[in-house]
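Enquirer: Residue numbers (our numbering): 30 to 378.
Don't be surprised by glycine CBs; every beta carbon is placed ideally from N, CA and C.
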Ligand code: SF4
C-alpha cells in the first residue's frame, strides 16, 4: 500500500506543481525554518510577502541572532502569534552562540530548539536534510483519516502519534521532501474539508472513506473551540504631538508589542467617563483632558478569541508626569520603530 500511495501522490505532485513565493531563492535549513514558522499561521498567498520581507532584512541566521528583538517583532508585525517570532530569535541565538552557527540536522536535535515542535522539525529534517520524517498538519490528518479509515478523533492527543506512524509507513523513503510537499498540497487542494474532489482523486480506488461511503464522517473530531469575546478600549493619549505607548508584558496576547493603554471590558458597553478619567490620572498624573474623537469598532478574530477594539483620541491639557517604566511617549515620526499588533496598525493612531 505504501508504495502505491506514495507513487500516486508523487505523480499527482509532478502534474500539479504549486509555485511558492520563495521558488528560486535559497532553501537551506534557515530559510526553510523561517518559512515554516510563518506558514503555520497563514496561507501561502498572505504569508509569502512577509517571508520575503523578513528574509531580505535577516538573510542569515547570524543577522537574525544579532538583531534587537524589537526589530524582529516589527518585521513580524501583522502576522500575529508573536511568541513564534520571539522563539525564532531565541533559537537563532542558541544556534549562533552555542552551536557554532551550525543548524541542527537531526529531527531529535531540531526538536530541542525553542518553538520547534514535531511538525517543524519534520519539515526541516525532510526539506533541508532529506530525512524520512513525515509532516503531519491538519490537511494530512484529514487525508489519512479518510484514506485509511481512522475512526478515533484526530483531536485526541494519542491520535497524533498514530497518524505520524501511519504517514511514516506510507512515506516513500527515497523522496521524503517531495512526499511531504505532495501530501500537504494534496490534503489542501484535493482532499478538502468540504466537497473533496473524490471523482478525480488518484487515490480513490483504495480510499476507505470513499469505498465505505463515509467521506463526510471522517475525520472524527471532538473538541469544540471556545471563543472568548474581548473588548479593548484604546486610550490614545497625546501631548505635544507625542502619543503614549505601553509595552505589553505578562502571558496575554501581544506580549512585547506596543499599544496605547487599554481599558478592557466584558461587553460592547463603553467604560464610564469616570473609569476613563481615573485610568488617565493614574497613567499621566493629570485629569485635565480634552476628548477629540473615537473610532468605529475594529473586529479581529484570533484562533480562540475575537477582539473588538475602539480607539479614543484624547489630548492632555497639561504636562504629564514621568511615565511608568513600560510606557513611553512616542512622536509620529518614531511610531514605525515600535512593533505593534495588527489592530493598532489598523487603528491608525
Ligand atoms: S477519494 Fe476523496 S476522500 Fe478519499 S482521499 Fe481522495 S479526495 Fe480524499
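If contacts are defined as beta-carbon pairs under 8 Å, then residue 344 and residue 321 qualify, I think. What distance do you get, rounded to the angstrom?
Expert: Here the question's residue 344 lines up with position 315 in the chain shown. Here the question's residue 321 lines up with position 292 in the chain shown. That pair is a contact at about 6 Å.
Enquirer: So the beta strand (DSSP E) residue 356 belongs to, where does it begin and stop?
Expert: Reading the chain shown from its first residue, position 327 is the one you call residue 356. In the DSSP annotation of this structure, the continuous segment of the beta strand (DSSP E) that includes residue 356 starts and ends at 356-360.
Enquirer: Does the separation of the CB atoms of residue 90 and residue 121 fall below 8 Å?
Expert: Numbered from its first residue, the chain shown carries residue 90 at position 61. Numbered from its first residue, the chain shown carries residue 121 at position 92. Going by C-beta atoms, residue 90 is nearer than 8 Å to residue 121.
Enquirer: Could you tell me if the beta carbon of residue 176 falls within a distance shorter than 7 Å of some heavy atom in the ligand SF4?
Expert: Sequence index remark: in the chain shown, residue 176 carries index 147 (1-based). The answer is yes for residue 176.
Enquirer: Residue 208: beta carbon under 7 Å from a heavy atom of the ligand SF4?
Expert: For the purposes of this step, residue 208 is identified with residue 179 of the chain shown, where counting begins at 1. Outside the cutoff, so no.
Enquirer: With respect to 7 Å, is the separation between the Cβ of residue 226 and the closest non-hydrogen atom of the ligand SF4 below this value?
Expert: Mapped onto the chain shown, residue 226 falls at position 197. When distances are taken from the beta-carbon of residue 226 to the heavy atoms of the ligand SF4, the shortest one is below 7 Å.
Enquirer: Could you check whether the Cβ of residue 243 sits closer than 7 Å to any heavy atom belonging to the ligand SF4?
Expert: Taking the first residue of the chain shown as 1, we reach residue 243 at position 214. Answer for residue 243: no, Cβ out of range of the ligand SF4.
Enquirer: Does the Cβ of residue 33 have 16 or more other Cβ atoms within 10 Å, making it buried, or fewer, making it exposed?
Expert: As a working mapping, residue 33 is identified with position 4 in the chain shown. Exposed: under 16 other Cβ atoms inside 10 Å.
Enquirer: Mark residue 61 as exposed unless 16 or more other C-beta atoms lie within 10 angstroms of its C-beta, in which case mark it buried.
Expert: Taking the chain shown and counting its residues from 1, the one referred to as residue 61 is at position 32. By the neighbour-count rule (16 or more Cβ atoms within 10 Å), residue 61 is buried.
Enquirer: Is residue 314 helix, strand or coil by DSSP?
Expert: Position 285 of the chain shown holds residue 314. Three-state DSSP puts residue 314 in coil, outside helix and strand.
Enquirer: I think residue 347 touches residue 315, with their Cβ atoms under 8 Å apart; what is that distance to the nearest whole Å?
Expert: As a position in the chain shown, residue 347 is number 318, starting the count at 1. As a position in the chain shown, residue 315 is number 286, starting the count at 1. Contact flag correct, Cβ pair sits at about 5 Å.
Enquirer: Based on Cα-Cα distance, which residue from 176, 142, 149 lies nearest to residue 242?
Expert: Residue mapping note: residue 242 aligns to position 213 of the chain shown, counting from 1. Considering only alpha carbons, the answer is 176.
Enquirer: Just reading off the beta strand (DSSP E) that residue 216 is part of, what are its end residues?
Expert: Sequence index remark: in the chain shown, residue 216 carries index 187 (1-based). Taken as a continuous stretch (DSSP letters only), residue 216 belongs to no beta strand (DSSP E), being part of the alpha helix (DSSP H) at 205-218.
Enquirer: Mind checking whether the beta-carbon of residue 219 lies closer than 7 Å to any heavy atom of the ligand SF4?
Expert: Here the question's residue 219 lines up with position 190 in the chain shown. Yes, the beta carbon of residue 219 sits closer than 7 Å to at least one heavy atom of the ligand SF4.
Enquirer: Along the alpha helix (DSSP H) that carries residue 147, what are the first and last residues, could you check?
Expert: In the chain shown, counting from the first residue as 1, residue 147 sits at position 118. Note, residue 147: alpha helix (DSSP H), 147-158.
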